[in-house]
Each structure stands twice: as structure tokens, then as C-alpha cells.
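Written out as C-alpha cells, the structure reads:
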């Protein structure tokens, strides 16, 4: 059974990192989590981003956040990627599988997965 | 919505938008019924607005923050022969005790009962999105109980935020284990 002692261990491990990390993320991933997004399947997409970013060791570089409805409900689940100095990338009709691919190719590799972007749908 | 846990996520998002600092999600199950309640201490709603929230067609652009979510939940409960209620006190009239309580009761044996689904993902999503809110979750059923109180986690974590990825993954594992033990 998972115990609070494990949580205390995470705290020990993180304490040094936190000071350095705060606000230093270069990339912001924003998942639409309004009724339209949730009904279309945004929850597994968000969770896939959180888990894959951790798995790929990108936690210090990428911040995963949530937002409300951005007004293109027919394209939900919608994910926006903001990166300093670059144009915003909007991924549409996302799934957990596509999210994994975006983490690997775009967030890690630096190459936009063009086929999932709004301009290609 | 394919799962009740998605309705719960959606309704709890209203609490987030209402700027609640405490949100309590209670699920109480028997062999026949499933009752959920989401209560918050957010800004609340005025009476006029409260009357319209269950009607999707009365929603205007300025009230978009409610939209279809509440009608969806009401329909899901009522189609099982259950019930739905929403009570709210707006901060302008109740400066010391404002907030909203949304409650739905389902008949589990109805063919139209939507299963709860992945409630763990819903909780993880809520905590990840709003780590500063005090989340209280209690799910009681005939087999046992699963609960989580983010203040207890914060007491251990100190400065480390709840939305730290490792913490989020720990919370997910913790809840999954608790449910596995109950099953």
C-alpha cells in the first residue's frame, strides 16, 4: 500500500529542484477542459501529456496546464503548444495516443506533428 | 458523457471557475443507488440565474460557464428514475457562507445508469489543474471506502506543489491501490 512516507521521500527529492525550476519551463501545453473538451475525450489526453512528459524527463522544460473552452468545440479535444519565440501550434481531435506522439516528436524532438494540427484538418 | 466520472469532472470545473478554495466530492453507494454531491465555497449563483442553469437553451454567452454541463448531469440522473438538485448562495447575499451544492441520485439497477468509470483520472485531473484548491473526496460503498484530502498531502509535502508530476503520479497510484483493495 502506498504510504505518506513515499510522499515525504518525493518531497526530499524535489526540494532542491523546485527552487531552480519554478517558472523556467520553456514550453507550455494547454489542454481545453470545458464541457465540450471533456465530452470529446480531453481527460485521457491531459493525463497522457502529464505522464509522458514525466516519462521522457521533460518536467523541467514543459508545463502542462488546463483551460476552458477556446471556441472551436467541433475540433475538441484541442491542445495548444506555446513556446517562447515560436508560433502557437494548435492540435485538434486529440487522443492519448496522439498525445504520446506529440510529446516524443514535438516536445522532445522539436518537430511539429503537422498531421494533427488544425491547419491539416 | 460516457462515464459519470466525466460529469463529476465537468461539474467540479464550475467550482474551480467560481473560485472556490474548498471543493468536496462525495459519492455514496448502496447496492441499489448511487448518490453524488459536489459542494464548494465558491462565489455561488444568484436566484435568477440558478433557476435557469438546468435549461441548456436559456444559457447566454455571458453565462457560458455553465452551458450544457448541468443539463447533462440532470438528464443522466433522471433517466435512471433518480433525482437532481442544485442549491446555491451568492456571495452578495451570503458574504460569509456562499457556495454551491450539486447533488444527483441514480438508480443503479436502471438500464440507463451510466457507470462511474475512471474516477481516479477525474480526481488527478482536478488536482493537477487546480493544486491550490483544498480537494476533499470520499467514496463510500458497501464494500468499503476510498478517500483523499489534499490538505493531508500538503502537510507532508510542504513547499512541493501538488501539481508536481511525481506527486500527481503518486496520487494516481495511491487512489488506484485504494480502489483495488476495496474490489
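Chains as they are written, first to last, in our numbering: chain A, 1 to 121; chain B, 122 to 304.
Here a beta-carbon is modelled for each residue, glycine too, at the ideal position from N, C-alpha and C.
All values derive from a computational prediction rather than experimental measurement.
If we cut at 8 angstroms on Cβ distances, does residue 203 (chain B) have a partner in chain D?
Of the protein chains in this structure, namely A and B, none is chain D.
Report the start-end ranges of each beta strand (DSSP E) in the segment 50-103 of chain A that is 3 residues or longer and not cut off at the edges.
62-67, 79-83, 89-91
Alpha carbons only, please: which of A:87, A:76, A:4 is nearest the one belonging to residue 43 (chain A)?
Here residue 43 (chain A) refers to the residue found at position 43 of the first chain. It is A:76 whose Cα lies nearest to the Cα of residue 43 (chain A).
By DSSP, does residue 37 (chain A) sit in helix, in strand, or in coil?
The residue labelled residue 37 (chain A) in the question sits at position 37 within the first chain. Here residue 37 (chain A) sits in helix by DSSP.
Contact set for residue 121 (chain A): own chain, Cβ-Cβ below 8 angstroms, skip 5 residues either direction:
Taking the first residue of the first chain as position 1, residue 121 (chain A) is located at position 121. Excluding positions up to five away in sequence, the list reads 75, 92, 93.
Beta-bridge partners of residue 264 (chain B), as assigned by DSSP
By 1-based counting over the second chain, the position of residue 264 (chain B) is 143. Per DSSP, none; premise fails for residue 264 (chain B).
Taking the alpha carbon of residue 226 (chain B) as the reference point, which residue from B:290, B:149, B:279, B:208 has its own alpha carbon closest?
Counting from 1 along the second chain, the entry for residue 226 (chain B) is found at position 105. Taking only the C-alpha atoms, the option nearest residue 226 (chain B) is B:149.
Are residue 49 (chain A) and residue 99 (chain A) closer than 8 angstroms when you measure CB to CB?
As a working note, residue 49 (chain A) is residue 49 in the first chain. As a working note, residue 99 (chain A) is residue 99 in the first chain. Result yes, Cβ atoms of residue 49 (chain A) and residue 99 (chain A) sit closer than 8 angstroms.
Against chain B: residues of the segment 71-103 of chain A by CB proximity under 8 angstroms:
none
At the level of alpha carbons, what is the spacing between residue 222 (chain B) and residue 111 (chain A)?
For this step, residue 222 (chain B) is matched to residue 101 along the second chain. For this step, residue 111 (chain A) is matched to residue 111 along the first chain. Residue 222 (chain B) and residue 111 (chain A): Cα-Cα distance of roughly 46 angstroms.
Spatially closest choice to residue 253 (chain B) from B:136, B:175, B:196, B:301, by CA coordinates
Against the second chain, residue 253 (chain B) aligns to sequence position 132. Of the candidates B:136, B:175, B:196, B:301, the one whose C-alpha sits nearest the C-alpha of residue 253 (chain B) is B:136.
May I ask you to report which of helix, strand or coil DSSP gives residue 271 (chain B)?
By one-based count along the second chain, residue 271 (chain B) stands at place 150. In this structure, residue 271 (chain B) counts as helix in the three-state DSSP scheme.
What does the alpha-carbon distance come out to for the pair residue 214 (chain B) and residue 167 (chain B)?
Locating residue 214 (chain B) in the second chain gives position 93, where the first residue counts as 1. Locating residue 167 (chain B) in the second chain gives position 46, where the first residue counts as 1. Those two C-alpha atoms are separated by around 8 angstroms.
Pick out whichever of B:265, B:210, B:191 has its Cα sitting closest to the Cα of residue 151 (chain B).
Position 30 of the second chain, counted from the start, is the residue given in the question as residue 151 (chain B). It is B:265.
For residue 128 (chain B), does the count of other Cβ atoms within 10 angstroms reach 16, so buried, or fall short, so exposed?
Position 7 of the second chain, counted from the first residue, corresponds to residue 128 (chain B). Residue 128 (chain B) comes out buried.
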